[in-house]
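Participant: Mind having a look at this structure? Questions to follow.
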Amino acid sequence: MDASGVMIIKPIFLNAGEFSEGVAPARIHGAYGYIDRTGNFVIQPQFDYALPFAEGLALVYKNGRPFFINRQGIPAFAFSFPHATSFKNGRAMVRTASKKSGFINKQGELFIDTVYSQINSFVKGVAVVEGIHHHLYSDKEKGIQKNLEVGVIDSLGNFVVPYGRYKEIGDYANGYFKVEIPAEPWDSVEGFTAQTGFIDRNNTLVLAKDHRNNSWIGDNLSCGIANIHLYKNWLPEEDGTSFTTEKSYMGYINLNGEIIINDTTYKYASDFYDNRAFVKNDNWESYLINTQGALVTKTVFQDVFDPGFKDGFAFVKVNDQWGRIDTSGNFTIKPSFNSIEPPGMIEDYFFFTGNNTTLTGVANASGNIIIEPQLEQYDSRGFRNGLLFCVIDRKFTYINKEGKIIWQESGEQNQSVNFNIDFMNRGYFCAFSKRHKNDLGGFGGSDNSPKKVAKGNHFPESGLHVIVRPDEKRPIGSYPGIAVYIVNATKKSVLFDAQDSRLYMLVQARDTNGEWRDIEYLPSSWCGNSYHTLTLDAHNYWEFTTPVYEGDIKTRLRIALTYIDRPKKRGEQNTVTIYSNEYEGSINPGQFWRKESYYPHGIMDPYND
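All you need for my numbering is the position in the sequence shown, starting with 1, plus 1.
Structure representation (structure tokens):
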């Protein structure tokens, strides 16, 4: 539809991407092609997955392998890398199977070799890179030093800052790179003798500060000033002398290495923006200061929206209400909002929540409300093409900047539509067990408790089994599903590894070569508290539902389950995988390999894939 809600292309596609260069990737069935603005395919469906065109080329996938096509749908050049990104500024990042990154040009030629484990984003023509062995640590006793494989390259791949000089290098910001300088001669020496400093893009060291007395530079240089962590009444480390947060505070250092703002009551000091910074005292009250350290206003702020000032304004909290100030500390928007929602100020509007409500509204740059609080969720990218994608009254909605609802879903759920996707589904078989002495815990909740096996269940009389019953229909969300059971018909309890109540249990399918492959995956958690065990006692079972997948590939499916085997010898254990009965189904090729982007929602969601 257009911004007024007029339907331009009828809703016949299962998936579609953004329009770019006059076309958009889309699929009606299992394969992607490209449509024009009339909805007609100009490149016929043939790809597992397809991304929008960028600079005349599009990144597409077949059988999980990427390559680039031109506007005629023809491969633009020979391509053999297993990973790539779309083109930007005439270059695309590529990565080898061993995860070494480089860049190709629009002829497919490698002009920055695949010798880096990490290439950060280019900022004004320079990018920080890490070598393959950058994170190998040193051992002084063995006489081994950590490889200082971190440097900076220009847009042609030439080193601006060579390897071997710094432990770490931050991205280019405000004309400088922040660097961690290793102690000599052993890189394993941490803390008191290492240095933090700044170099310019000519690799000239403009500032280096020792870490002695437990002081170190915090963030980037801005306005020629950086914040620095300092310490009160430091004594050389002796028995009974150790670091304490009560003696730590923050100040500011200039490019000459001079501590220019040194107030021991400052527990926190932000970066400077627009020649202004916010500092917090022992009570975590915020004050606005200038580059000489003088108070700009006597107003005490409860909180400040990160990063502080931007384009001459900052959102602040006073008396439990949020407003906006200028660099003189004067309110340009009176404090009247219960909260300012990320991403804060975007262009000429910002999101907020009102008093006595959790719903979100939108206000303009003058602080006038243009959409009353009614959004249950919204697209964090903000308004796009004049419309905001959001949820109102539990329905997907598009709303314009005048607060008019342009489109809203009917809310009717069609239970007859199967789950037709083009990506691997995340694991969802969650269960609960009463705490046994072997159970480790886990923070993910589940109310799927074990049940006692009864004669009417018609389960096997011995062994541990995963049973799929395709004829036993039940909903899973708004889609049709079928029943799945884990049945313990043994004489002993069985232990299962789990991840926030999620069992190590996945649906698999046969590919076109007849090989069994996962079409679901278990995300990795960086939090050790996510991992625990579950117990299913003898003659008990768990009950689950799995989606009815639908796609272009007719195949057979099964479910794989891993559990903990406990041999007779005490202390030994290993994991064993068992499989369910096979059943008929259909899937799309992208389900064998593609993981959708996922962004964690906070510290209680420690999953990044």
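Idealized CB from N, CA, C, for every residue including glycine.
It should be emphasised that the depicted structure is a prediction, and the values quoted were computed from it without experimental measurement.
Out of L289, Q293, F353 and T354, which one is the CA nearest neighbour of G330?
Facilitator: If we check each option's Cα against that of G330, L289 comes out closest.
Participant: Given this structure, state the Cα-to-Cα distance separating N419 from P471, to the nearest angstrom.
Facilitator: Each residue's Cα considered, the two are about 14 angstroms apart.
Participant: Is it buried or exposed for S526, if we count other Cβ within 10 angstroms and need 16 for buried?
Facilitator: Buried is the call here.
Participant: Does the segment 216 to 227 come close enough to the segment 242 to 260 to have 3 or more Cβ pairs within less than 8 angstroms?
Facilitator: Contact holds: three or more Cβ-Cβ distances are below 8 angstroms.
Participant: Does the distance from the C-beta atom of K492 to that of A539 stay below 9 angstroms?
Facilitator: Yes, they are a contact pair.
Participant: Report the three-state DSSP secondary structure of E169 (helix, strand or coil).
Facilitator: Note: E169 maps to strand in three-state DSSP.
Participant: Please report the straight-line C-alpha distance between Y550 and I422, rounded to a whole angstrom.
Facilitator: Each residue's Cα considered, the two are about 8 angstroms apart.
Participant: Cα separation between K318 and Q303?
Facilitator: Going from the Cα of K318 to the Cα of Q303 covers about 5 angstroms.
Participant: Tell me which residues share the same chain as R325 and place their Cβ nearer than 6 angstroms to its Cβ, disregarding the 5 neighbours each side in the sequence.
Facilitator: Excluding residues within five positions, the ones whose Cβ falls inside 6 angstroms are F314, F316, T333 and I334.
Participant: Inspect the beta-carbon positions of R503 and T556 and report whether they are closer than 9 angstroms.
Facilitator: No. Outside cutoff.
Participant: Within 10 angstroms of the Cβ of G65, are there 16 or more other Cβ atoms? Answer buried if so, exposed if not.
Facilitator: Exposed, since its Cβ has fewer than 16 Cβ neighbours within 10 Å.
Participant: If you follow the beta strand (DSSP E) that C391 is part of, which residue opens it and which one closes it?
Facilitator: From DSSP, the beta strand (DSSP E) with C391 extends over L388 to I393.
Participant: Please name the residue, chosen from V467, A77 and L537, that lies closest to K453 on a Cα-to-Cα basis.
Facilitator: K453 has its Cα closest to that of L537, out of V467, A77 and L537.
Participant: In whole angstroms, what separates the C-alpha of Q500 from that of A455?
Facilitator: Distance between the alpha carbons of Q500 and A455: 29 angstroms.
Participant: What are the boundary residues of the beta strand (DSSP E) that R325 is part of?
Facilitator: Note, R325: beta strand (DSSP E), Q322 to D327.
Participant: Would you mind reading off the limits of the beta strand (DSSP E) that contains S287?
Facilitator: Its beta strand (DSSP E) spans residues S287 to I290.
Participant: Which of helix, strand or coil does DSSP assign to S223?
Facilitator: In the structure shown, S223 sits in a strand (DSSP, three-state: E or B).
Participant: CB-CB under 7 angstroms to F14, same chain, minus the five flanking residues each way: which ones, in chain order?
Facilitator: Excluding residues within five positions, the ones whose Cβ falls inside 7 angstroms are A27, R28 and I29.
Participant: Looking only at its own chain, which residues have a Cβ that is under 6 angstroms from the Cβ of G591, when we skip the five neighbours before and after it?
Facilitator: These residues qualify, in order along the chain: D49, Y50, D423 and F424.
Participant: Count the other C-beta atoms from every protein chain shown that fall within 10 angstroms of the C-beta of D394, then say buried if there are 16 or more, exposed otherwise.
Facilitator: Exposed, by the Cβ-count rule.
Participant: Report the three-state DSSP secondary structure of G529 (helix, strand or coil).
Facilitator: Helix, per DSSP.
Participant: Rounded to a whole number of angstroms, what is the C-alpha to C-alpha distance between E403 and F390?
Facilitator: Near 14 angstroms, if we compare the C-alpha coordinates of F390 and E403.
Participant: Taking Cβ to Cβ, would you say Q47 is nearer than 9 angstroms to A59?
Facilitator: Cβ distance not < 9 angstroms, so Q47 and A59 don't count as in contact.
Participant: Below 9 angstroms between beta carbons: does that hold for A484 and E544?
Facilitator: Contact flag set, yes.
Participant: How is K248 classed by DSSP in three states: helix, strand or coil?
Facilitator: Note: K248 maps to helix in three-state DSSP.
Participant: Locate the beta strand (DSSP E) running through H466, then write down its first and last residues.
Facilitator: Its beta strand (DSSP E) spans residues G464 to I477.
Participant: So for K299, helix, strand or coil by DSSP?
Facilitator: Looking at K299 - three-state DSSP - the assignment turns out to be coil, as it is neither helix nor strand.
Participant: Which class does K456 belong to by DSSP, given the choice of helix, strand or coil?
Facilitator: Helix, per DSSP.
Participant: So A364 is in the beta strand (DSSP E); what residue range does that whole segment cover?
Facilitator: A364 -> beta strand (DSSP E) spans T361 to N365.
Participant: Per DSSP, what kind of secondary structure is F160 in: helix, strand or coil?
Facilitator: F160 falls in the strand class under three-state DSSP.
Participant: Y250 and Y267 look like a contact to me (Cβ under 8 angstroms); what is the Cβ gap, rounded to whole Å?
Facilitator: Confirmed, Cβ separation roughly 5 angstroms.
Participant: Please classify Y599 as buried or exposed, where buried requires at least 16 other C-beta atoms within 10 Å of its C-beta.
Facilitator: With fewer than 16 Cβ atoms within 10 Å of its Cβ, Y599 is classed as exposed.
Participant: Would DSSP call R202 helix, strand or coil?
Facilitator: Residue state, collapsed to three classes: coil.
Participant: By DSSP, does R71 sit in helix, in strand, or in coil?
Facilitator: First, the amino acid is wrong: residue 71 is Asn here, not Arg. In the structure shown, N71 sits in coil (DSSP, three-state: anything other than H, G, I, E or B).
Participant: Based on the DSSP output, what are the partners of A432 in its beta bridges?
Facilitator: None, per the DSSP bridge assignment.
Participant: With DSSP run on the structure shown, which of helix, strand or coil describes Q592?
Facilitator: Q592 falls in the helix class under three-state DSSP.
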